[in-house]
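2 protein chains.
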Amino acid sequence: MNAEIISVGTELLLGHTVNTDATIVAQALSELGINLLYACTVGDNAGRLKSALEQALQRSDLVITTGGLGPTKDDLTKETIAETVGKPLVEDADSLERIKQYFKGRYCSENQLKQALLPQGCTVLPNDVGTAPGCVVSDRQGKRIIMLPGPPAELTPMLYRYAVPFLQQAEQSAIYSDHIHVFGKGEGAVAEEIAAYLDGANPTAATYAKDGEMFVRVTAKAKTKQEAEALCRPVTKEIVAILGDVVYGVNTDSLEQTVVNALKSRGETVAAAESCTGGLVSKRLTDIAGASAVFEMGACTYSNRIKHKLLHVPQELLEQYGAVSEQVAKAMAQGVRKTAGSTYGIGITGIAGPGGGTAEKPVGLVYIGFTNGTETWVKKLGGVQTAERSREYYRMISASAALNMLRRYLQGLDPVT
Amino acid sequence: MNAEIISVGTELLLGHTVNTDATIVAQALSELGINLLYACTVGDNAGRLKSALEQALQRSDLVITTGGLGPTKDDLTKETIAETVGKPLVEDADSLERIKQYFKGRYCSENQLKQALLPQGCTVLPNDVGTAPGCVVSDRQGKRIIMLPGPPAELTPMLYRYAVPFLQQAEQSAIYSDHIHVFGKGEGAVAEEIAAYLDGANPTAATYAKDGEMFVRVTAKAKTKQEAEALCRPVTKEIVAILGDVVYGVNTDSLEQTVVNALKSRGETVAAAESCTGGLVSKRLTDIAGASAVFEMGACTYSNRIKHKLLHVPQELLEQYGAVSEQVAKAMAQGVRKTAGSTYGIGITGIAGPGGGTAEKPVGLVYIGFTNGTETWVKKLGGVQTAERSREYYRMISASAALNMLRRYLQGLDPVT
Numbered sequence: 001m002n003a004e005i006i007s008v009g010t011e012l013l014l015g016h017t018v019n020t021d022a023t024i025v026a027q028a029l030s031e032l033g034i035n036l037l038y039a040c041t042v043g044d045n046a047g048r049l050k051s052a053l054e055q056a057l058q059r060s061d062l063v064i065t066t067g068g069l070g071p072t073k074d075d076l077t078k079e080t081i082a083e084t085v086g087k088p089l090v091e092d093a094d095s096l097e098r099i100k101q102y103f104k105g106r107y108c109s110e111n112q113l114k115q116a117l118l119p120q121g122c123t124v125l126p127n128d129v130g131t132a133p134g135c136v137v138s139d140r141q142g143k144r145i146i147m148l149p150g151p152p153a154e155l156t157p158m159l160y161r162y163a164v165p166f167l168q169q170a171e172q173s174a175i176y177s178d179h180i181h182v183f184g185k186g187e188g189a190v191a192e193e194i195a196a197y198l199d200g201a202n203p204t205a206a207t208y209a210k211d212g213e214m215f216v217r218v219t220a221k222a223k224t225k226q227e228a229e230a231l232c233r234p235v236t237k238e239i240v241a242i243l244g245d246v247v248y249g250v251n252t253d254s255l256e257q258t259v260v261n262a263l264k265s266r267g268e269t270v271a272a273a274e275s276c277t278g279g280l281v282s283k284r285l286t287d288i289a290g291a292s293a294v295f296e297m298g299a300c301t302y303s304n305r306i307k308h309k310l311l312h313v314p315q316e317l318l319e320q321y322g323a324v325s326e327q328v329a330k331a332m333a334q335g336v337r338k339t340a341g342s343t344y345g346i347g348i349t350g351i352a353g354p355g356g357g358t359a360e361k362p363v364g365l366v367y368i369g370f371t372n373g374t375e376t377w378v379k380k381l382g383g384v385q386t387a388e389r390s391r392e393y394y395r396m397i398s399a400s401a402a403l404n405m406l407r408r409y410l411q412g413l414d415p416v417t
Numbered sequence: 418m419n420a421e422i423i424s425v426g427t428e429l430l431l432g433h434t435v436n437t438d439a440t441i442v443a444q445a446l447s448e449l450g451i452n453l454l455y456a457c458t459v460g461d462n463a464g465r466l467k468s469a470l471e472q473a474l475q476r477s478d479l480v481i482t483t484g485g486l487g488p489t490k491d492d493l494t495k496e497t498i499a500e501t502v503g504k505p506l507v508e509d510a511d512s513l514e515r516i517k518q519y520f521k522g523r524y525c526s527e528n529q530l531k532q533a534l535l536p537q538g539c540t541v542l543p544n545d546v547g548t549a550p551g552c553v554v555s556d557r558q559g560k561r562i563i564m565l566p567g568p569p570a571e572l573t574p575m576l577y578r579y580a581v582p583f584l585q586q587a588e589q590s591a592i593y594s595d596h597i598h599v600f601g602k603g604e605g606a607v608a609e610e611i612a613a614y615l616d617g618a619n620p621t622a623a624t625y626a627k628d629g630e631m632f633v634r635v636t637a638k639a640k641t642k643q644e645a646e647a648l649c650r651p652v653t654k655e656i657v658a659i660l661g662d663v664v665y666g667v668n669t670d671s672l673e674q675t676v677v678n679a680l681k682s683r684g685e686t687v688a689a690a691e692s693c694t695g696g697l698v699s700k701r702l703t704d705i706a707g708a709s710a711v712f713e714m715g716a717c718t719y720s721n722r723i724k725h726k727l728l729h730v731p732q733e734l735l736e737q738y739g740a741v742s743e744q745v746a747k748a749m750a751q752g753v754r755k756t757a758g759s760t761y762g763i764g765i766t767g768i769a770g771p772g773g774g775t776a777e778k779p780v781g782l783v784y785i786g787f788t789n790g791t792e793t794w795v796k797k798l799g800g801v802q803t804a805e806r807s808r809e810y811y812r813m814i815s816a817s818a819a820l821n822m823l824r825r826y827l828q829g830l831d832p833v834t
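So the sequence lines, in the order shown, correspond to chains H and U. So in this note's numbering, spot 299 of the first sequence is number 299, and the numbers just go up one at a time. Plus 417 on top of the position in the second sequence (first one is 1) and you've got this note's numbering.
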């Protein structure tokens, strides 16, 4: 089955809004094993939408539109599609009731109610978050058009709760995916190690790079979700075994989520002293709801004076080795643990650039200390002169490496690789 | 002039990558006053690219392609376009030299050098960041095709340094934009206040919402950049006067950049104690290169014990008013200022959710303290029961409000509005 996306919205063509809808729909189609050959964006213009639609229906079996379902006169998608496939708009009682419920006790303008008008004979896709319902309608050749709303917060639940199950039922198939998350090994190296699995047909396995990490997605298709999951299970297990301890979790959200979960289940806490990462470890840990139970304290300490005063890093160390040194990273980790009274301590010191680097200590050189109170480890990043990367990159990768040391320790591994 | 974007890349159709290139190019075209009627995405497939290209050349005067200029066999854009417009690929000496320079001292594979092959008679667009040059080529009808590389970090400088000036010269026109940054007033309210300017033709003015802030862009077109700037100047001045002190800067990058610049020029410093924002103020300030000169210390202090130990918040205050209170925000600001020995202190305490809220202190309630050592102010956010927003939202808006208090003080305004 070949599909095509048509995104509708002048704001997309003015560059005001990034077209994340197309990416979200493309991902879902990819997971369903449906080929997406074209994606196209048109403005809020009935003529151009109609011509894009006619072309799409000629070359594809399924067309998914995003946007243009709202209550204003700019919103033309439903009207244009209904006209193109030759179906009148009729009022859908359930949708009307949902819209009235949404506005219960508040003013509801007439045009809001018009959103309950849908092409005759369509399958309604309820909007659990907003007011505009989506729908599936067929043209005279039986080709399907799925209309989804523009705001990603409305599109995503409608897509995954109603449109994907509709397509699975229509195709009599279900899908299931495992996500294997890796830190400390690049996409290229992982792809080489698991090359044999990347050619598989069902399940398929594919590698993805993301924010200094990578993940492997294993996806299977079957008649039921349970069968699809059973197809994935052995392959996921084998890939995890091949990759070894660089795998920080399967079907987890992030390194920080993994760490917070592990600390919670052990009833332990961590504190972090950050220099070059400037609060990024704190920020990422506290992105996780409920992190307050395990994150005792974060300290962002640039100056030597504060490192000494707050973390009790000895002046001699700072003078003898400099703030960016293995010794100071260790002392910061130990100092913040002591000040916070936490189970573990993390200390990060380095040069995120741009500027501030020397031949001996170039931009990108970062020392990360980690202590459990009795033993302290240090990991060194960078330190060789290479093409300089962005401040953002060095900060992100250093924060991830610190979280990964803690993750490794909590999983019974040597914190340093 | 009508334009069309063709984005090339299978990764876009698989949903692996969000098509930010199309948004970046659309913004530039919008600033240039060029109408973008369609944007289209095709995979790494010569046949489909060719058919999209032929259609685009029929209906538009200018086609901009993004992606597919790299060294691998997947990269077909240049070859396909050269064939479509009937021009052979020839070696460009300057581009070859640039690529050799890029790989100086490192291994450079044969296919890297092939990137110097460009359509005969094209205008080369140098790649200052990577290896693949872009170019402008014309078809037999004189319609122009501009090829840009896929990675946004390469596309953006090539677009603004070379492609936009090329189009301005070709059109004998230049553009200039002012960006007026606002915090503390929504896009809708601002649009109402400056409604008279939003209908202007040259300069145009438009409003944009972004991450809890908004900005107004004033853009003029003229024969030279100087003339365009002169057209903008009075309108920008009038809009700034109408909006008043919610404007935190014109042509600045962000609230944090504004704050860091102001502190630097005054030779002053700030320290921050954060509870619900968990290091986000620290993170945002230290995103700015050179922030270490003005950011003395950040402390992420969730627990009452640490608030007391590190910031010397009196136990009585914590017991009597609770951690989320005006009194504790004040004491945190004062405490962190004293511990850090900084000019100013910021203290943030609140409930970012989800969960943890009560009828009296609902999710979204945040107190922000700010002190200059002699006087301390507190700003309260939320505190009324409304539809709950995300943890991310409350954290972002609270960090921005804290930075804005400091910004207002440094600009001689009352920190609290």
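All C-beta atoms in this analysis are idealised placements derived from N, C-alpha and C, irrespective of residue type, glycine included.
Buried versus exposed, by CB contacts within 10 Å (16 or more), residue i
i	result
Ala291 of chain H	buried
Pro536 of chain U	buried
Tyr524 of chain U	exposed
Thr269 of chain H	buried
Ser90 of chain H	Note that residue 90 of chain H is Val in the sequence shown, not Ser. By the neighbour-count rule (16 or more Cβ atoms within 10 Å), Val90 of chain H is not buried but exposed.
Ser682 of chain U	exposed
Tyr665 of chain U	buried
Lys654 of chain U	exposed
Gly567 of chain U	buried
Pro88 of chain H	exposed
Pro550 of chain U	buried
Gln532 of chain U	buried
Candidates the options, of which the one nearest residue i by Cα
i	options	result
Met631 of chain U	U:Thr621, U:Asp670, U:Lys642, U:Ala645	U:Asp670
Gly484 of chain U	U:Ile563, U:Lys642, U:Ala587, U:Tyr719	U:Ile563
Leu470 of chain U	U:Ile498, U:Val599, U:Leu660	U:Ile498
Gly382 of chain H	H:Gly279, H:Thr358, H:Ile346, H:Pro149	H:Thr358
Ile785 of chain U	U:Leu727, U:Asn721, U:Val698, U:Ala591	U:Val698
Asp545 of chain U	U:Ser594, U:Ile592, U:Glu514	U:Glu514
Leu431 of chain U	H:Asn19, H:Leu29, H:Ala205, H:Glu11	H:Leu29
Glu673 of chain U	U:Pro582, U:Glu646, U:Ile611, U:Arg824	U:Arg824
Thr540 of chain U	U:Gln532, U:Ala580, U:Thr624, U:Val502	U:Ala580
Asp616 of chain U	U:Lys517, U:Arg634, U:Gly629, U:Lys797	U:Arg634
Gly559 of chain U	U:Glu448, U:Ser477, U:Glu428	U:Ser477
Ser325 of chain H	H:Ile348, H:Gly341, H:Pro88	H:Ile348
Ala420 of chain U	U:Ile451, U:Val435, U:Thr440, U:Glu428	U:Ile451
Lys638 of chain U	U:Val652, U:Leu660, U:Pro620, U:Ala606	U:Pro620
Beta carbon proximity, residue i to chain H, threshold 9 Å
i	result
Leu727 of chain U	yes
Phe712 of chain U	yes
Gly739 of chain U	no
Thr838 of chain U	Because chain U spans 418 through 834 in this model, residue 838 of chain U falls outside it and cannot be assessed.
Ile723 of chain U	yes
Thr482 of chain U	no
Ala716 of chain U	yes
9 Å Cβ cutoff, residue i in contact with chain U
i	result
Gln27 of chain H	yes
Ser30 of chain H	yes
Glu274 of chain H	yes
Per-residue contacts from residue i into chain H (C-beta, under 7 Å)
i	result
Gly772 of chain U	Ala289
Lys700 of chain U	Gly278, Gly279, Leu280, Lys283
Ser709 of chain U	Tyr302
Under 8 Å by beta carbon: chain H residues contacting residue i
i	result
Thr440 of chain U	Leu12, Gly15, Thr17, Val18, Asn19
Val459 of chain U	Leu37, Tyr38
Contacts that residue i makes with chain H (C-beta to C-beta distance below 9 Å)
i	result
Arg465 of chain U	Leu37, Tyr38
Chain C contact residues for residue i, given Cβ-Cβ distances below 7 Å
i	result
Arg808 of chain U	The chain labelled as chain C is not found among the protein chains of the depicted structure, namely H and U.
Per-residue contacts from residue i into chain U (C-beta, under 9 Å)
i	result
Tyr208 of chain H	His433
Chain U residues whose Cβ lies nearer than 7 Å to that of residue i
i	result
Ser303 of chain H	Glu713
Ala195 of chain H	Chain U residues near Ala195 of chain H: none, gap ~17 Å exceeds 7 Å.
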